[in-house]
Amino acid sequence: MIRVKRLLLDILKPHHPNVIDFSTALAEKGNYQVRLSVLEMDDKTETLQVEIEGESIDYEQIREAISEMGASLHSIDGVEVENSAADTD
Amino acid sequence: MIRVKRLLLDILKPHHPNVIDFSTALAEKGNYQVRLSVLEMDDKTETLQVEIEGESIDYEQIREAISEMGASLHSIDGVEVENSAADTD
Amino acid sequence: MIRVKRLLLDILKPHHPNVIDFSTALAEKGNYQVRLSVLEMDDKTETLQVEIEGESIDYEQIREAISEMGASLHSIDGVEVENSAADTD
Amino acid sequence: MIRVKRLLLDILKPHHPNVIDFSTALAEKGNYQVRLSVLEMDDKTETLQVEIEGESIDYEQIREAISEMGASLHSIDGVEVENSAADTD
Amino acid sequence: MIRVKRLLLDILKPHHPNVIDFSTALAEKGNYQVRLSVLEMDDKTETLQVEIEGESIDYEQIREAISEMGASLHSIDGVEVENSAADTD
Amino acid sequence: MIRVKRLLLDILKPHHPNVIDFSTALAEKGNYQVRLSVLEMDDKTETLQVEIEGESIDYEQIREAISEMGASLHSIDGVEVENSAADTD
Amino acid sequence: MIRVKRLLLDILKPHHPNVIDFSTALAEKGNYQVRLSVLEMDDKTETLQVEIEGESIDYEQIREAISEMGASLHSIDGVEVENSAADTD
């Protein structure tokens, strides 16, 4: 079974919701650990680097959650996936 | 259950209270560990980087405590949240 | 027996499939762990550094999988092989 | 209970007492570990970075000790405090 | 008994055999672990840094293997040898 | 009881005694570990960084030993002292 | 008893013997571990950094061995000595 274990995302978001509510909303989508750093800030927006770690991350849910909070996912800068199934293709 | 485990704050404060009393006041809000570094200092103010770690940090209490001491929270530069509940959304 | 334990690949790929599907497709070829970083991005393509680790990596399968997804393998930047057989040549 | 666990101090001192006697005098104030580095030295003074670690550091005692040795505390560059009490405010 | 435990080699090789076959051929000479990095690449050749680790590396065999694959050993940039015999000279 | 655990010394010495005899002479003053690096060398002298570690370093003995070998102690660049006594002042 | 545990040597040697034979010859003088790096190479000579570690290194033997191989010891860049005797001076 293949699982996404880590995502490194580059996100642009408005000031609201704040970074704490934003991180919390992403962590709520699974048993995730979310580490957020603010890279740049201007009058209306913040550029964030967000690292999400978990046993099995549902990327589509993360993408929707980002979008619903009025933020936009600029790029996926890193991915870690693991295939730990005993039987391979 | 989602918990804030770490905050990295950029704070501007007047010289009084001093950094020891300031750190202590923040740690008092919970079983927190507070690490404070003075980044810049001028005649009237100090720019601080304050890292707060704890099992579950109450951000609103921290924000109020900063404000009550005459300091202003410039930005939240980092957040770590963890969702360790067994049942997810 | 000689096994390839690690590959570090420099890959150019179109935006589709996205990096998550791309990583997943590579991990599917064996019990691999895949770490992908996006180094550059322009209108049509992304330059990737992809690190693959596993007990025994089948390079030909990896090469075909990259090719089938419309991406091109620029170079193999690193290799680790291990000879753990008791009897040597 | 809130305890100061670490202080990072920027100190200007005359050449006498020397850095060994100076460190020793600070360590005497409690069961402290004192690490001192000389950052600059000129004809009459030395600029020191002094790190003090302990289970519970008494800042006022440290400040007095510095002053009694003819040195001046330029700034507190770092503080670590810990609240390890079970019952919080 | 004195054993060579590690070699760091600077090698120039043609594009064929590729770095995977090249690494494998070196590892085959003993129970070696081979880590290869491509430092430069031009139209006809690749400059490699090759690190070989093993319990007891036979340098002459390595040198011949490199030569048989049409590559040339530019320099030995590092060596580790260990004398673990109980009786010394 | 307060003990000096580490000294970092900047020393200028003539070429004789050589750095091995010099280090040995310092280590002889106690159960010390001495790490010496040569920072600069000219026709007649060598600038050394000497780190001494021990359970309880006698600075005066070290200073005399340096002097007796015709070298001069330029500065004490670092000190670590520890107060591990149960009863404090 | 005072023992030399580590030497860091700057050596100029002709191309022959090669670095493997050179390292081996030094390791033979005791139960030493020898790590050699080639820092510079020109037509006739190689500048080496050689690190020797052992329980008790005999510097005079090392010096002679270097000399017998036609190389010259430019400088001793580092020394570690340890005094682990129970009774001190």
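Protein chains in written order, with my numbering: chain A, 1 to 89; chain B, 90 to 178; chain C, 179 to 267; chain D, 268 to 356; chain E, 357 to 445; chain F, 446 to 534; chain G, 535 to 623. We treat Cβ as the ideally placed atom computed from N, Cα and C, and that holds for glycine.
Bridge partners of V435(E) according to DSSP: L363(E) and L570(G). In the structure shown, the three-state DSSP call for S501(F) is coil. Under the three-state reduction of DSSP output, S557(G) falls in the helix class. Contact check between the stretch 471-489 of chain F and the stretch 269-281 of chain D: fewer than three CB pairs, one atom from each, fall below 8 angstroms, which does not count as touching. Contact of M308(D) with chain F by beta-carbon distance below 7 angstroms involves S520.
Rounded to whole angstroms, the Cβ separation of G434(E) and S571(G) is 5 angstroms, and the two are in contact under 8 angstroms. Within its own chain, the residues whose Cβ lies closer than 6 angstroms to the Cβ of A561(G), once the five positions on either side in sequence are excluded, are V568, listed in chain order. When rounded, the separation of the alpha-carbon atoms in I287(D) and A510(F) is 17 angstroms. For E527(F), the nearest beta carbon of chain D is closer than 9 angstroms to its own beta carbon.
DSSP places E117(B) outside both helix and strand once states are collapsed to three, so it counts as coil.
Selection E258(C), Q227(C), P195(C) and V228(C) evaluated against S234(C) yields E258(C) as nearest (Cα-Cα). When the five nearest sequence neighbours on each side are left out, the beta carbons in the same chain lying within less than 7 angstroms of the beta carbon of G208(C) are those of G232, I235 and D236, in order along the chain.
In this structure L97(B) is buried. Its beta-carbon is surrounded by 16 or more other beta-carbon atoms within 10 angstroms. At least 9 angstroms separates the beta-carbon of L368(E) from that of S423(E). Linking P459(F) to I507(F) through their CA atoms gives a straight-line distance of about 17 angstroms.
Excluding sequence positions up to five before and after E318(D), its CB lies within less than 6 angstroms of the CB of L275 and R302, all in the same chain and listed in chain order. When C-beta distances to chain A are compared with 8 angstroms, the residues of the stretch 137-158 of chain B below that value are Y148, in chain order.
Look at S173(B) here: in three-state DSSP terms it is coil, with no helix or strand label. DSSP lists D10(A) and S37(A) as the beta-bridge partner residues of Q49(A). Contact residues of the stretch 286-311 of chain D toward chain F are V286, I287, S290, T291, A294, E295, K296, G297, N298, Y299, Q300, V301, R302, L303, S304, V305 and M308 (C-beta to C-beta distance below 7 angstroms).
Annotation: N172(B) to L39(A) spans about 24 angstroms, alpha carbon to alpha carbon. In this structure, the CA atom of F200(C) is about 11 angstroms from the CA atom of L226(C). With a threshold of 9 angstroms between beta carbons, L279(D) makes no contact with chain B. It is roughly 40 angstroms from the alpha-carbon of Y32(A) to the alpha-carbon of Y388(E). Residue nearest to N374(E) within the set M425(E), S431(E) and I432(E) is M425(E) (criterion: CA-CA distance). Rounded to whole angstroms, A292(D) and D544(G) show a C-alpha spacing of 42 angstroms.
Within the same chain, Cβ atoms closer than 6 angstroms to the Cβ of S342(D) are found at D277, the five residues on either side in sequence being excluded.
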